[in-house]
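*Asks:*
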Amino acid sequence: MNKAAIYMRVSTQNQEKEETIGNQELELLARIAEDADSILNSDCIYKDDGWSGMILERPGIDQMQADALDKKFDVLYFYDRGRISRKHYYQQIVFDVLDKANIKYISLHDVNGDTDEDKLAGNILGLFAEYERTKIASRMRIGKLRKVREHKKLLGYNPKYGYDYLPRIKKGLDERDGQFVINDLQAKTVVSIYQWSASGMSKHAIRDKLYENRVIPAKAKRNIWSTSVIDRLLRDSTYMGVHYYNKTESVETKNHRNPDLKYRKVVKGSRIQRPKDDWLMVNVPVIIAPELFHKVQQQLLRNKKTSRRNNSKNSYLVGGIIECPCGYARTGDPANGCLYYRCCDRLNNPLGNRKCFLPGVNATVLDSLVWENLKKLLTQPQLVFEQAKRWQEGMSPLQLQSENLKERLVRLNESESRYAKMYGEALMSEQIYRDNMMTINSSRTAIADEMTIVEKELAGKPLVPLEQLVDGVIKLVEDLDFNQKKQIVQKTVTKVIATKEEVTVWGRLPVLALQEVGSDVKYSHSKDETQRENSRKLSEVELDVKYRHRRPPQRRQIHPLQRSDR
Ligand SMILES: [Zn+2]
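Each residue of the sequence shown is one higher than the one before, counting from 225 in my numbering.
So this is what it looks like as structure tokens:
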């Protein structure tokens, strides 16, 4: 008796066509029941539900192959070769694994058999099927495009929000083309969104308003609109009656949100816009009057100009590296004339959906805190001195050249004494000795000439005294403008986690060459004399700076800082 396994796959697309895993399973089980020498091993039922056949990395098929190698079953049943993969050579990869494990496979709707002829026939049919499928798909697509282009008719469609799609009825009294009709309820929402936007409301504000009014998006998993959907809706000319077919196409995703994910259900997970020439225009019922539509486009442009993100007027020193203890990033957010770093959980999720209730951190206070501490580290005279020394001792190209020349001179002298020795011991004729000496002497003259030039150049560049260099560096750090400070912060600080009460800064300070300074060098960076040693040149320094930001006596007045440890 053979232990039987079954493998089933159905893609998301085909599910909609009522082709379900259930149907495959029924048919496979019936076939196993018919085959007198097979009995289903209930541990060996493999499914990939909602997976594209263009992908071979699927959890079900991987498990099936692993179990095949472990000999958990003797024969594999599947509906047709297309279940294994839509690509012929992928099928072959899987069949090779099965052959290697000495496992038979039975496809319900293909040529089966153990002889080489049968296998070849199966292969050829598989190849043809793949070719046919590609051809048909391509013809269908071209045919569809032609119909839209020539007859301006809509075919098989996911309607835009605000519309329903009535499919084409081919025959009879009700004969009609596919068309968009207005969905009254959704259209009302579309109008509201446009009116809000025209009145100057931001996308975030619109989203919050929709949430307050309990308007749920059509396809969302959550009951919140995403601002990008609102943005697309506000720019979609469909709503003023001009709809485009063939506007976008799906492409392979380049930057995955979760790059470590092992299995991906679809190959082409992203959409991009096609060139405008490829768009096909179809007229649909109007929801938004053109005047309102254009007014909104103007408003969106204005929003872009005044947007926080594009607003360089407000300067945030640790923007992009500051986080909230809850795990979300914090981002710059001005309010009532003050700048704050606020938790993105709060900014992105309105009202009931937000999980973090930590207050914003005053950006002006935090920025100066971070900078002052970083500056203290960067400008410790002893450290700067060591660094300056290292830098100064480092060789310039000119110095390297000079060293090189000196070395060549040493080697020449060595050769000279070697030749003299050989000549003295009568190992070299006088003629050859003289020739060699002449070559050496001319080389020596050339080197001496070169040396004179290099030394003259070196003399023209006097060394700055180290103390002067150190003072210069310290003064430079004191006088940096905001952009220079920001550059330094972005290069040295890797992470800031802040609440109103406490701020922790992580960073890398490449100037701390403590290895050479010796491990007895300690630097303190806050009043509590927290001292840290570091023995690595590139050190990950935790700055452990703890402060309490006392509430100011008057609102919105930045108060001098009070440290928690005082
Ligand atoms: Zn938070």
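Glycine is no exception: its CB is placed at the ideal position from the N, C-alpha and C atoms.
Express the C-alpha separation of Arg614 and Pro549 in angstroms, rounding to a whole number.
*Replies:* 39 angstroms
*Asks:* Any heavy atom of ligand 1 within a distance shorter than 8 angstroms of the CB on Leu590?
*Replies:* no
*Asks:* Please list the terminal residues of the continuous beta strand (DSSP E) segment that includes Cys268.
*Replies:* 262–273
*Asks:* What is the DSSP secondary structure of Asn479, reduced to helix, strand or coil?
*Replies:* coil
*Asks:* Touch check for the segment 360–380 and the segment 313–325: three-plus C-beta pairs under 8 angstroms?
*Replies:* no
*Asks:* Looking at Tyr552 and ligand 1, is the gap between the Cβ and the nearest heavy atom below 8 angstroms?
*Replies:* yes
*Asks:* What span of residues does the alpha helix (DSSP H) with Tyr647 cover, start to end?
*Replies:* Taken as a continuous stretch (DSSP letters only), the alpha helix (DSSP H) holding Tyr647 covers 621–648.
*Asks:* Counting only runs of 3+ residues fully inside the segment 382–417, write out the beta strand (DSSP E) ranges in chain order.
*Replies:* 387–390, 403–406
*Asks:* For the segment 304–331, list the alpha helix (DSSP H) runs that are entirely contained and at least 4 residues long, ordered along the chain.
*Replies:* 305–308, 312–324
*Asks:* Taking only three categories from DSSP, how would you classify Lys715?
*Replies:* helix
*Asks:* Between the alpha carbons of Gly731 and Gln623, how many angstroms are there, rounded?
*Replies:* Pairing Gly731 with Gln623, the inter-Cα distance amounts to about 35 angstroms.
*Asks:* Would you call the CB atoms of Ile546 and Ala292 closer than 9 angstroms?
*Replies:* Taking 9 angstroms as the cut-off, the beta carbon of Ile546 is found no closer than this to the beta carbon of Ala292.
*Asks:* Grab me the residues of Ile496's own chain with a C-beta within less than 6 angstroms of its C-beta, minus the 5 sequence neighbours each way, in chain order.
*Replies:* So the qualifying residues of the chain are Val475.
*Asks:* For Thr555, count neighbouring C-beta atoms within 10 Å of its own C-beta (all shown protein chains included) and say buried if the count is 16 or more, exposed if not.
*Replies:* buried
*Asks:* Please confirm whether Ile245 and Leu300 have their CB atoms less than 9 angstroms apart.
*Replies:* No, they are not a contact pair.
*Asks:* Tell me the DSSP bridge mates of Pro558?
*Replies:* Leu563
*Asks:* In the DSSP assignment, find the unbroken alpha helix (DSSP H) run with Lys433 in it and report its ends.
*Replies:* Residues 427–436.
*Asks:* So what's Ala229 in DSSP terms, helix, strand or just coil?
*Replies:* Strand.
*Asks:* Nearest to Lys328 by CA position, among Lys600, Leu704, Ser262, Leu682, is which residue?
*Replies:* Ser262
*Asks:* Under the DSSP definition of a beta bridge, which residues are partnered with Trp615?
*Replies:* Partner(s): none; Trp615 has no beta bridge.
*Asks:* Count the other CB atoms, across all protein chains shown, that sit within 10 Å of the CB of Phe706; report buried if there are 16 or more and exposed otherwise.
*Replies:* Flag for Phe706 reads exposed.
*Asks:* Three Cβ pairs or more, each shorter than 8 angstroms: is that satisfied between the segment 386–405 and the segment 487–495?
*Replies:* no
*Asks:* Among the candidates Glu725, Tyr487, Pro605, Val717, whose CA atom is the shortest distance from the CA of Asp273?
*Replies:* Tyr487
*Asks:* Apply the 10 Å Cβ neighbour rule to Lys384 and answer buried if 16 or more other Cβ atoms are within range, or exposed otherwise.
*Replies:* buried
*Asks:* Quick check on Leu458: buried or exposed, where buried means 16 or more other Cβ atoms within 10 Å of its Cβ?
*Replies:* buried
*Asks:* May I ask which residues mark the beginning and end of the alpha helix (DSSP H) holding Ser592?
*Replies:* Element bounds for Ser592: 587–602.
*Asks:* Using a Cβ-Cβ cutoff of less than 7 angstroms, which residues in the same chain neighbour Asp502 once the five nearest sequence positions on both sides are dropped?
*Replies:* Asn470
*Asks:* Could you check what DSSP says for Lys489 in three-state terms: helix, strand or coil?
*Replies:* coil
*Asks:* Could you check if Lys271 is buried or exposed, using at least 16 other CB atoms within 10 Å of its CB as the buried criterion?
*Replies:* buried
*Asks:* Please tell me whether, using a cut-off of 8 angstroms, the distance from the CB of Asp557 to the nearest non-hydrogen atom of ligand 1 is below it.
*Replies:* no
*Asks:* May I ask whether a heavy atom of ligand 3 can be found less than 8 angstroms away from the beta carbon of Pro549?
*Replies:* As for ligand 3, it is missing from this structure, which binds only ligand 1.
*Asks:* Please say whether Ser421 and Gln523 have beta carbons closer to each other than 9 angstroms?
*Replies:* yes
*Asks:* Return the residue from the list Leu582, Leu250, Glu249, Lys311 that minimises the CA-CA distance to Ser276.
*Replies:* Lys311
*Asks:* Quick one: is the Cβ of Leu582 within less than 8 angstroms of any heavy atom of ligand 1?
*Replies:* yes
*Asks:* In this structure, what does DSSP give as the bridge partners for Val372?
*Replies:* Answer by DSSP bridge pairing: none, since Val372 is not bridged.
*Asks:* Inspect the CB distances between the segment 705–719 and the segment 586–599 and report whether three or more fall short of 8 angstroms.
*Replies:* Enough Cβ pairs lie closer than 8 angstroms, so yes.
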